[in-house]
Amino acid sequence: MSYDPGALNTALAAAVGDDSALIADLHVAFMESALRQVDLLERARCDANWELAAWRLKGLAASFGLTGLMALAEEAVRSAPGDPRILRQLRAALANLEQG
């Protein structure tokens, strides 16, 4: 699954126009929120906490049309809490988005 870091910036530009400072601020806010949800996934010890963080991440990704990240978050919902494979994939996807 590939992740286009430009997709996030494109979605932000569509929402706020060509204000590069605002786009940069929103990009930072998106990344902080997404990383917070992945951190909650990493610390989740029960199904409910795991699923809640995964659904929040999926919703955040959906808000910006990031279908690859949405699919990973959906896969996380169906995975066991603490699944190291999905956590690695989520971290890698966010690292790729951070570069955009």
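Heads up, the sequence shown stops at 423 in this note's numbering, and the numbers go up one at a time, no gaps. By construction, the Cβ of each residue, glycine as well, lies at the ideal position given by its N, Cα and C atoms.
Near residue i, which residues of its chain fall below 7 Å by C-beta distance, leaving aside the five closest residues on each side in sequence?
i    : result
W378 : V400
L335 : I346, L349, H350
A396 : A377, L380, K381, A384
S436 : Since the first residue shown for the chain is 324 and the last is 423, residue 436 is missing from the structure and cannot be characterised.
Could you pull the start and end residues of the alpha helix (DSSP H) that residue i belongs to?
i    : result
S386 : 370-386
A352 : 343-366
G391 : 390-401
P407 : 407-422
Between which residues of its own chain and residue i is the CB-CB distance below 8 Å, once the five residues before and five after are set aside?
i    : result
V339 : L345, I346, L349
S325 : Note on S325: pLDDT 46, under 50, position unreliable in the model; no value is reported.
R393 : Here the sequence assigns Met to residue 393, which means Arg is not the residue at that position. Excluding positions up to five away in sequence, the list reads K381, A384, A385.
Original post:
Do the stretch 381-388 and the stretch 365-373 meet, that is, are 3 or more Cβ pairs less than 8 Å apart?
Top reply: no
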